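Novice:
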Amino acid sequence: MVSHAKGKYLARQKRRKRVRKKIRGLKDRPRLSVYKSNRYVYAQLVNDEEHKTLACVSSLKDIPGSGYCAKNLQIAKKLGEKLGKQAKIKGIREIVFDRSGYPYHGRIKALAEGMRAQGIKF
C-alpha cells in the first residue's frame with residue numbers, strides 16, 4: 009500500500025507531467041517554473057527552445073532576512089517582484105506559468121501576483 013505522503017507526491021508528479029506536455033517556453037514568452045519545498049520557494053524563467061534558464065530567484069538566497077524559513081506570503085510576493093524586475097530588464101513582457109502540479113493558492117499565488125505587479129502578463 010502507498011502511504012498518504014507518497015500518494016500526494018505521485019499525484020503531483022502526474023499533474024506536472026500532464027501539464028508539461030502542453031506548455032513550452034519560448035524566447036519571447038518563457039516558462040515560469042516554480043518549485044516549492046517545505047521551507048523555501050524557487051522560481052526560474054526557462055527558454056525550452058534553447059534549454060536555457062533566463063532568470064532565477066529563490067527565497068533561500070535572494071530574500072534577505074528570510075533566513076531559516078520562508079513559509080509566508082510576503083516573502084513569496086517579494087520573490088515574484090524580484091523575478092519580475094529581472095524579466096523586465098531582459099525585455100520579457102509575457103510568460104507561460106508552469107505551477108509544477110501545485111494548486112494556484114498560497115505561496116504560488118503570491119509569487120504570481122508579485123510578478124503581475126511588475127507588469128508581466130501571464
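Each residue of the sequence shown is one higher than the one before, counting from 9 in the working numbering. Ideal placement from N, C-alpha and C gives every residue a C-beta, glycine not left out. Just so it is clear, the structure is predicted and the values come from calculations on it, not from any experiment.
#1: Please state whether the Cβ-Cβ distance between E89 and A118 is less than 8 Å.
#2: DSSP three-state label for Y43, please.
#3: List, from N- to C-terminal side, the beta strand (DSSP E) runs of 3 residues or more that fit wholly inside the segment 13–44.
#4: Beta-carbon separation of K63 and A95 under 8 Å?
#5: Cα separation between A51 and G15?
#6: Taking Cβ to Cβ, would you say G122 is nearer than 8 Å to L68?
#7: Could you check which residue in D56, E57, E58, A84 has the C-alpha nearest to that of S66?
#8: Residue range of the alpha helix (DSSP H) that K90 falls in?
#9: Our contact map puts R101 next to K129 with C-beta atoms below 8 Å; I'd like the distance itself, whole angstroms only.
Specialist: Looking at the coordinates:
#1: Here the question's residue 89 lines up with position 81 in the sequence shown. Here the question's residue 118 lines up with position 110 in the sequence shown. Going by C-beta atoms, E89 is not nearer than 8 Å to A118.
#2: Here residue 43 refers to the residue found at position 35 when the sequence shown is read from its first residue. Strand at Y43.
#3: You should have 39–44.
#4: Sequence index remark: in the sequence shown, residue 63 carries index 55 (1-based). Sequence index remark: in the sequence shown, residue 95 carries index 87 (1-based). It is Ala, not Lys, that sits at residue 63 in the sequence shown. For A63 and A95, yes; Cβs fall inside 8 Å.
#5: Locating residue 51 in the sequence shown gives position 43, where the first residue counts as 1. Locating residue 15 in the sequence shown gives position 7, where the first residue counts as 1. A51 and G15 have their C-alpha atoms some 24 Å from each other.
#6: Start at 1 with the first residue of the sequence shown, and residue 122 comes out as number 114. Start at 1 with the first residue of the sequence shown, and residue 68 comes out as number 60. No; because the gap between Cβ atoms is not below 8 Å, this pair is not in contact.
#7: Translated into the one-based positions of the sequence shown, residue 66 becomes position 58. Comparing Cα-Cα distances from S66 to each of D56, E57, E58, A84, the minimum goes to A84.
#8: If you number the sequence shown from 1, residue 90 lands on position 82. Run containing K90: 81–97, per the alpha helix (DSSP H) assignment.
#9: The residue labelled residue 101 in the question sits at position 93 within the sequence shown. The residue labelled residue 129 in the question sits at position 121 within the sequence shown. The C-beta distance from R101 to K129 rounds to 6 Å, short enough to fall under 8 Å.
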